[in-house]
Structure formats: structure tokens, C-alpha cells
């Protein structure tokens, strides 16, 4: 178990990460692959019981040193620790393959699941403050007497100090983990759960309230986690102009917000939009 001591100012420094961390998703995908892989598999060799390498940032030598302390090095991990270029190239190729097969095809579902979890956490934060939200994180996490207890496989005590505490939902991560501590923050990664779906009864209610076209547009935006104007038009089977009109109405109603990404704009659901489209989530006791 990891115990994070928040201190007197800790609750004021709690932040909910609103966007997916695809580096964290990649690391979670690597963990799942290693758990199901053979002992000789390259990724399996990199994962110890007590920790996981940050695949997006690369596997550094301190991690390998810690890994060697947990288990005997294999020829591959020994070559990595010694900085052999061929071993590093093999690792980079393996990670790229994992990213292209286990993360990239599911980007839309990942974003949707993370957005839905973030909205839920935000509702809890607004309703009861940071302490209430931390108590209701679930997945074996406990918050009491100013200490956040994480159900990890190794034991440690950490002081938050002046750092912020970030809560990051991870769609591909089935368990609670702590990211490598940074100088100005600690990040707790929690399972995001499944991507949201619009139930038939709720979809009919949306059509009655918003009209068929705008209800379909909101459902697409909620379940995708965010779409560009062109993508929305394609999903709805309408012209770009018609999709733009639907989005404008939803935006004025406060159900979506529009972000500019390069030359394109992307529509994402607001907490109100998610709440309208999704069945109510019962509060965790």
C-alpha cells in the first residue's frame, strides 16, 4: 500500500485531469501484455511485480537497476542496462508495435471512457469538495485523516508537500497505480471503466427534447469522447454545414464546447451534456 500524506494544504492542491494521458494508456497496455505474455517476451521481461516502466518516456537505467534488484537480469534487460544500441532499437520497435495495435485503434473509446469518468469525478468534487471526491474514488482507495491510501503491491509513505495531487483516469488500466513522482506533482492513475453508451430509452428522450438531429449529434460527441466537425458530419451522414448547425445549438445550450486543434475544431461534451445523455450514476456510499 502507498500512503500519500496530503498535509494541511493538500486538499487545495487536488486536480482532476480532464484529458486522456495516452502515455499512461500505453504503459497500461504494456502491463496487460506482459501479464498475458510468455516469460521470454521482451515486454514481460521489463515488468516487475512492484512497478511498471513508463513506456512513453522510455525505459531508463534507474528503472532497470531496480528491476535487477527484484529479479535476475535477462540477456535483453542486461543489454538495455548497458546501453547497447541494438537492444534499445528492439525495445523501441516493440513499443511502437504495442502502441499501433493496443492503443491507437481504441483512441475514441479511450477518450470517451476517460471523459465520462472525469465528469463523474467533477460532479463529486463540486457536490462535496475534494475530500468527498477522494473518499469516493473506489477501486480500493481509502482517504482518511488526511492520508490517501492506494492498494498497490509495495509499501511506501509519500509526503505531498507543496506538490499538487492529480487524479488521472486510465481506460486501459484495470488497477490503481502511482505514476513516477514529479517535482511539482504526484499522479494517481485510476481505472476509467468502460466507454459510455446511450441506452435506447435515453436516446428516445433526447430526441423528444432536442430533436432527432441534435440528439444524434450529442450522442456521437458523448460516446466518442470528442469529434471534429468533419467527423461529426460523417457519423451523422449529413453535410458539414448541417453538422455545424447542430453543434452550434448544442454549444449555445451548454451541452458541448468547441476546441480549436490546428486547422480543425473539435467538439467535446460538457458535464451537463454527459449528464443529460447518460443514465444517472448512483453515488458510492
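Numbering (the numbering used here), first residue to last: 45 to 329.
Each residue gets a CB set at the ideal place from its N, CA and C atoms; glycine is no exception.
One or two residues paired with residue 295 in a DSSP bridge: Note: residue 295 sits in no beta bridge, so no partner.
The region 76-89 / the region 57-67 touching (three or more Cβ pairs under 8 Å): These segments do not touch.
Where residue 177 falls, given that 16 or more other Cβ within 10 Å makes a residue buried: Flag for residue 177 reads buried.
Residue 192: first and last residue of the uninterrupted beta strand (DSSP E) it sits in: Membership of residue 192 in the beta strand (DSSP E) is indicated by the continuous run 191-194.
For residue 328, three-class secondary structure by DSSP: Legend: pLDDT at residue 328 = 34, less than 50; position of this residue unreliable, no value from coordinates given.
Residue 179 - DSSP class collapsed to helix/strand/coil: The three-state secondary structure of residue 179, taken from DSSP, is helix.
Residue environment, residue 189, which counts as buried when at least 16 other CB atoms sit within 10 Å: Burial call: exposed.
Alpha-carbon spacing of residue 53 relative to residue 133, whole angstroms: Their Cα atoms are separated by approximately 45 Å.
Start-to-end residues for the alpha helix (DSSP H) that takes in residue 86: Here the alpha helix (DSSP H) through residue 86 covers 86-90.
Nearest to residue 321 (by Cα), restricted to the options 102, 265, 238: In terms of CA proximity to residue 321, 265 leads the group 102, 265, 238.
Residues near residue 186 in its chain [Cβ-Cβ closer than 6 Å; skip 5 each side]: For residue 186, where only same-chain residues beyond five positions count, the Cβ hits under 6 Å are 193.
Straight-line gap, residue 205 to residue 148 (C-alpha atoms, nearest Å): When rounded, the distance between both Cα atoms is 36 Å.
Under the three-state DSSP convention, the category residue 50 falls into: Correct three-state label for residue 50: coil.
Alpha carbon of residue 308 to alpha carbon of residue 125, nearest angstrom: Approximately 43 Å, taken between the alpha carbons.
Among 286, 292, 158, the one whose alpha carbon lies nearest that of residue 212: Taking residue 212 as reference, the option from 286, 292, 158 with the minimal CA-CA separation is 158.
Reduced DSSP secondary structure (H/G/I, E/B, other) of residue 313: Residue state, collapsed to three classes: strand.
Neighbour-count burial assignment, residue 56, 16 or more Cβ in a 10 Å radius: Counting every other CB atom within 10 Å of its CB across the protein chains shown gives residue 56 a total below 16, marking it as exposed.
Whether residue 118 touches residue 98 by CB criterion (9 Å): No, the pair does not count as a contact, with Cβ atoms beyond the cut-off.
Exposure label - residue 312; buried when at least 16 CB within 10 Å: So residue 312 ends up on the buried side.
Whether residue 253 touches residue 69 by CB criterion (9 Å): No, these two residues do not count as a Cβ contact at 9 Å.
Burial state of residue 141, where buried means 16 or more other Cβ atoms lie within 10 Å: Under the 10 Å beta carbon count, residue 141 is surrounded by fewer than 16 other beta carbons and is classified as exposed.
Own chain partners of residue 298 with C-beta closer than 8 Å, once the 5 adjacent residues on each side are dropped: Closer than 8 Å at Cβ, skipping near neighbours: 314, 316, 317.
Option nearest residue 191 by Cα separation, candidates 179, 235, 207: It is 179 whose Cα lies nearest to the Cα of residue 191.
Cα-Cα separation, residue 255 to residue 51: Straight-line Cα distance between these residues: approximately 50 Å.
Strand pairing of residue 235, partner residues [DSSP]: 214.
Residue 74 classed as buried or exposed, judged by whether at least 16 other C-beta atoms fall within 10 angstroms: Around the C-beta of residue 74, 16 or more other C-beta atoms lie within 10 Å, and the residue is accordingly described as buried.
Beta-carbon spacing of residue 162, residue 60 below 9 Å: Less than 9 Å divides the Cβ of residue 162 from the Cβ of residue 60.
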